[in-house]
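Colleague: The structure is given below, and queries will be raised subsequently.
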Amino acid sequence: MQLHTVQTSVHATASTALPTAPLRDPAAPGRLGLLLLCIVVLWPLMVWAEFKPWLLFDERSMRATGRFLSDFVPPRHDAEFLRLMLAETWRTVAIATVGLTLAFVVAVPLALLSTARLSISALTGRMAAGPYVLRQATRWVAIVLRSVPELVWALIFVRVVGLGPTSGVIAIGIAYGGMLGKVYAEILESGDPSTTQALLRNGAGRLQAFLFGTLPQCSTELVSYTVYRWECAIRSSVVLGFVGAGGLGQQLDNASKMFAGAEASSILLIFMLLVGLADRLSAWLRKELG
Amino acid sequence: MNILARARCKACWFSAGVLVLIVASFWSLDLKWGEFLAPDAMRKMARFMASFFPPETSPAFLAKTWSALLETLAMSALGTLLAAILGLLLALPAAKVHAGDPARTKPLARLLLNALRSVPELVWAALLLIAAGLGPFPGTLALALHTAGVLGRLFAESIENAAPGPAHALRVRGVGELRVFLYATLPQIWPQVISYTLYRWENNIRAAAVLGVVGAGGLGQMLSFHLALFQMNETSTVLIGMVLLVVAVDALSFLSRRLLNR
Chain X
11 MQLHTVQTSV HATASTALPT APLRDPAAPG RLGLLLLCIV VLWPLMVWAE
61 FKPWLLFDER SMRATGRFLS DFVPPRHDAE FLRLMLAETW RTVAIATVGL
111 TLAFVVAVPL ALLSTARLSI SALTGRMAAG PYVLRQATRW VAIVLRSVPE
161 LVWALIFVRV VGLGPTSGVI AIGIAYGGML GKVYAEILES GDPSTTQALL
211 RNGAGRLQAF LFGTLPQCST ELVSYTVYRW ECAIRSSVVL GFVGAGGLGQ
261 QLDNASKMFA GAEASSILLI FMLLVGLADR LSAWLRKELG
Chain Z
30 MNILARARCK ACWFSAGVLV LIVASFWSLD LKWGEFLAPD AMRKMARFMA
80 SFFPPETSPA FLAKTWSALL ETLAMSALGT LLAAILGLLL ALPAAKVHAG
130 DPARTKPLAR LLLNALRSVP ELVWAALLLI AAGLGPFPGT LALALHTAGV
180 LGRLFAESIE NAAPGPAHAL RVRGVGELRV FLYATLPQIW PQVISYTLYR
230 WENNIRAAAV LGVVGAGGLG QMLSFHLALF QMNETSTVLI GMVLLVVAVD
280 ALSFLSRRLL NR
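Order-wise, the sequence lines are chains X and Z.
So in my numbering, spot 146 of the first sequence is number 156, and the numbers just go up one at a time.
So in my numbering, spot 20 of the second sequence is number 49, and the numbers just go up one at a time.
Laid out in structure tokens, this is it:
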């Protein structure tokens with residue numbers, strides 16, 4: 011008898027714990043309130059950003075879009091156009107490569123000057139005031155170079171040197187130079203300091219200590235970061251084409267301004283292929299070298 | 030020894046390849062170094078740089094720059110939010126949700142995400158100008174499309190890496206897939222969703238600042254407008270606003286990381 015009641019009570023609790031009909035979400039009021047709050051916060055943002063989705067369905071823009079998109083298939087693929095595209099693709103890659111080479115030239119001195127790892131005064135207590143100020147100043151130079159986006163650098167240099175790849179190359183060189191310089195310095199500081207410090211303590215020069223103490227530890231990381239940035243530079247180089255630096259971007263800009271859908275879709279496809287290829291190559295290189 | 034030799038060889042092949050690429054690039058581009066480094070160009074450059082000073086500081090223009098800055102911020106925030114929603118919607122078909130899931134839509138959804146991701150924001154903006162006209166709206170959409178590709182892939186990976194227990198418990202009781210996702214998987218990946226989204230927002234503020242160069246609103250549009258008219262003092266104010274925005278975002282993100290990691 012006793013046993014029987016225990017059993018029924020177990021059944022009872024089991025059936026309340028696992029009801030057949032799904033319960034209502036207990037947190038529903040809170041979630042709804044949060045959603046409401048989000049909408050209240052979002053409203054001014056939508057006004058500032060002139061967020062008007064119905065403009066997309068306006069008859070005139072629909073017609074233009076429709077014509078542009080219907081032109082997308084088939085992409086333009088005659089031999090002459092493809093030859094031009096091949097040349098422009100190479101131009102894009104070349105701008106990225108030359109730009110990154112310049113960036114490397116800018117970044118190496120920035121990194122060497124700003125890394126605290128090569129400080130001799132820091133070996134015994136705190137870094138001396140002069141070198142500290144110099145290192146911080148170099149770091150700030152790198153940050154400023156990096157803070158202005160490469161597109162803005164390109165816009166400015168297009169005014170100085172005119173249209174063509176030179177402005178794109180310089181823009182990538184400056185913006186990526188700052189970026190690489192800052193990250194190189196950080197990578198150099200992330201490794202184990204003991205080798206470098208031992209070399210410096212025993213009278214090695216800074217450059218020697220760097221070449222034989224710091225660099226061997228960090229070289230794979232430095233190379234893999236540089237390869238990754240090369241991949242980013244290819245993407246940037248396409249974007250820089252839009253302000254007149256040449257390459258695929260400029261072609262795409264022309265095509266979209268002339269509503270030439272077939273050309274635009276062809277360029278987009280080539281571009282996706284290029285980015286995918288660079289992505290694969292850089293991943294493979296980083297794996298092989300890492 | 031053999032391994033060392035092979036590693037060395039790999040490194041020298043790599044260096045040779047890089048060297049060839051660099052030389053070929055320098056050789057094939059018609060770079061105008063002469064024009065850039067000639068004393069005449071230097072003088073021109075110096076005059077050009079000097080024309081940026083002083084920045085325009087009339088209250089009316091500052092107010093205009095401020096509203097463009099707000100527009101940039103609004104574009105980036107809305108674009109990122111839309112991207113997060115679109116990314117979540119695309120992440121579900123792009124993920125193998127559980128071991129028995131045939132995931133038929135996965136290759137197609139991944140292809141779509143890759144396509145969205147590989148086209149930069151600026152290129153999307155240039156294409157969207159046709160559909161949405163000039164102004165911040167195509168910029169917002171462009172940010173949303175590119176970022177949706179990035180976030181969708183990250184979210185799909187989070188979904189696949191979520192612990193399967195809670196979802197399985199609901200699934201065996203016959204709860205539908207949507208509710209399994211909402212009540213078992215989503216709460217688990219929520220912290221990741223938030224942190225990826227915030228990270229992309231940070232990137233998007235920087236991207237939104239320059240998007241306008243093709244006519245898609247914000248500070249960039251003001252910049253290219255005044256630069257095209259050679260109104261250098263105005264340009265310089267806009268540039269300062271842009272750099273301040275980027276630096277402020279960097280500093281905020283650095284500070285918040287430091288606070289959260291303490």
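By construction, the Cβ of each residue, glycine as well, lies at the ideal position given by its N, Cα and C atoms.
Quick one: give me the first and last residue of the alpha helix (DSSP H) that T101 (chain Z) is part of.
Modeller: Where T101 (chain Z) is concerned, the enclosing alpha helix (DSSP H) stretches over 88 to 120.
Colleague: Would R149 (chain X) and S129 (chain X) qualify as a contact pair, given that the criterion is a beta-carbon distance under 9 Å?
Modeller: No.
Colleague: Could you name the residues of the region 149 to 174 of chain Z whose beta carbon sits closer than 7 Å to any beta carbon of chain X, in the order they occur along the chain?
Modeller: Listed in sequence order: P149, L151, V152, A155, L156, I159, A160, A161, G162, G164, P165, F166, T169.
Colleague: In chain order, what residues of the same chain have a beta carbon less than 6 Å from the beta carbon of H255 (chain Z), not counting five sequence neighbours either side?
Modeller: Within the same chain, H255 (chain Z) has close Cβ partners E263, T264.
Colleague: Find out if the Cβ-Cβ distance for the pair G246 (chain Z), T109 (chain Z) is shorter than 9 Å.
Modeller: No; because the gap between Cβ atoms is not below 9 Å, this pair is not in contact.
Colleague: Would you say M95 (chain X) lies against chain Z (beta-carbon separation less than 9 Å)?
Modeller: It does not; no Cβ of chain Z falls within 9 Å.
Colleague: Closer than 8 Å: is that where the CB of E160 (chain X) sits relative to any heavy atom of the ligand ZN?
Modeller: This structure lacks the ligand ZN, and indeed carries no ligand of any kind.
Colleague: Classify V126 (chain Z) as helix, strand or coil using the three-state DSSP reduction.
Modeller: Three-state result, V126 (chain Z): coil.
Colleague: When you compare the CB of I105 (chain X) with every CB in chain Z, is at least one pair closer than 9 Å?
Modeller: Chain Z contact via Cβ: present.
Colleague: Strictly under 9 Å for the Cβ-Cβ distance: is D81 (chain X) near chain Z by that measure?
Modeller: By this cut-off, D81 (chain X) is not an interface position.
Colleague: Is F269 (chain X) helix, strand or coil by DSSP?
Modeller: Three-state result, F269 (chain X): coil.
Colleague: What does a CB cutoff of less than 7 Å around M104 (chain Z) pick up in its chain, not counting 5 residues either side in sequence?
Modeller: The residues are P165, G168, T169, L172, A237, G246, G247.
Colleague: Between the C-alpha atoms of F82 (chain Z) and L118 (chain Z), what's the straight-line distance to the nearest angstrom?
Modeller: Going by the C-alpha atoms only, they are around 49 Å apart.
Colleague: Given a threshold of 16 other Cβ atoms within 10 Å of its Cβ, counted over all protein chains shown, does M30 (chain Z) qualify as buried or as exposed?
Modeller: Residue placement at M30 (chain Z) is flagged as unreliable, the pLDDT there being 47, under the threshold of 50; the coordinate-derived value follows with that caveat. Label assigned to M30 (chain Z): exposed.
Colleague: Which residue's Cα is closest to the Cα of E90 (chain X): X:T230, X:E273, X:R127?
Modeller: Among X:T230, X:E273, X:R127, the Cα nearest to that of E90 (chain X) is on X:E273.
Colleague: Looking only at C-alpha atoms, which of Z:L199, Z:I218, Z:V275 sits nearest to L121 (chain Z)?
Modeller: That would be Z:I218, whose Cα lies nearest to the Cα of L121 (chain Z).
Colleague: Check the Cβ-Cβ distances between L212 (chain Z) and every residue of chain X, and say whether any is below 9 Å.
Modeller: Correcting the residue type first, residue 212 (chain Z) is Tyr in the shown sequence and not Leu. Yes, Y212 (chain Z) lies at the interface with chain X (some Cβ there is under 9 Å from its Cβ).
Colleague: Please tell me whether A112 (chain Z) and H197 (chain Z) are closer than 9 Å, where the distance is taken between their beta carbons.
Modeller: Not a contact, by the Cβ cut-off of 9 Å.
Colleague: Select from X:V162, X:I153, X:M95, X:S157 the residue whose C-alpha is nearest the C-alpha of A195 (chain X).
Modeller: Cα-wise, what sits closest to A195 (chain X) is X:I153.
Colleague: Step through the CB atoms of chain X and report whether any lies within less than 9 Å of the CB of K125 (chain Z).
Modeller: Judged by the 9 Å Cβ criterion, K125 (chain Z) is not in contact with chain X.
Colleague: By how many angstroms is the C-alpha of G286 (chain X) removed from the C-alpha of T134 (chain Z)?
Modeller: Distance between the alpha carbons of T134 (chain Z) and G286 (chain X) is about 21 Å.
Colleague: Count Cβ pairs between the region 245 to 265 of chain X and the region 223 to 236 of chain X that sit closer than 8 Å; are there 3 or more?
Modeller: The answer is no - the region 223 to 236 of chain X does not touch the region 245 to 265 of chain X, with fewer than three Cβ pairs under 8 Å.
Colleague: Is the CB of P84 (chain X) under 9 Å away from at least one CB in chain Z?
Modeller: Output row for P84 (chain X): interface = no.
Colleague: To the nearest angstrom, report how far apart A154 (chain Z) and V243 (chain Z) are at their CA atoms.
Modeller: Distance between the alpha carbons of A154 (chain Z) and V243 (chain Z) is about 7 Å.
Colleague: Taking only the alpha-carbon atoms, compute the straight-line gap between D69 (chain Z) and V170 (chain X) and give it to the nearest angstrom.
Modeller: So the two alpha carbons sit approximately 11 Å from each other.
Colleague: Can you give me the C-alpha to C-alpha distance between K6 (chain X) and I234 (chain Z), rounded to a whole angstrom?
Modeller: The structure shown does not extend to residue 6 (chain X), since chain X spans only 11 to 300, so no value can be given for it.
Colleague: Considering only residues of the same chain and omitting the five flanking positions on each side of L291 (chain X), which have a CB-CB separation below 6 Å?
Modeller: Counting only Cβ-Cβ distances below 6 Å, and skipping sequence neighbours, we find nothing.
Colleague: Which residues in chain Z have a C-beta closer than 9 Å to the C-beta of V115 (chain X)? List them in chain order.
Modeller: Neighbours of V115 (chain X) on chain Z: none; closest Cβ ~11 Å, over 9 Å.
Colleague: Suppose the cutoff is 7 Å on Cβ atoms and the five residues either side in sequence are ignored; what does the same chain contact list for A161 (chain Z) look like?
Modeller: Excluding residues within five positions, the ones whose Cβ falls inside 7 Å are P167, L170.
Colleague: Using a Cβ cut-off of 9 Å, pull out every chain Z residue sitting near E298 (chain X), in sequence order please.
Modeller: The contacting residues are K39, F43.
Colleague: Can you tell me which of the three DSSP states M137 (chain X) falls into?
Modeller: The answer is coil: DSSP assigns M137 (chain X) none of H, G, I, E or B.
Colleague: Identify which residue in Z:R291, Z:K73, Z:L252, Z:V201 has its Cα closest to the Cα of E85 (chain Z).
Modeller: The option with the nearest alpha carbon to E85 (chain Z) is Z:L252.
Colleague: So M251 (chain Z) contacts chain X; which residues on that side make the cut at Cβ distance below 7 Å?
Modeller: Those do not exist, as M251 (chain Z) stays about 12 Å from chain X at its closest Cβ, beyond 7 Å.
Colleague: Comparing the C-beta of G246 (chain Z) with each C-beta of chain X, is any distance below 9 Å?
Modeller: Chain X, which has a Cβ nearer than 9 Å to the Cβ of G246 (chain Z), makes this yes.
Colleague: Between G183 (chain X) and A113 (chain X), which are expected to be in contact by the criterion C-beta below 8 Å, what is the C-beta distance as a whole number of angstroms?
Modeller: The Cβ separation is near 5 Å, so the contact holds.
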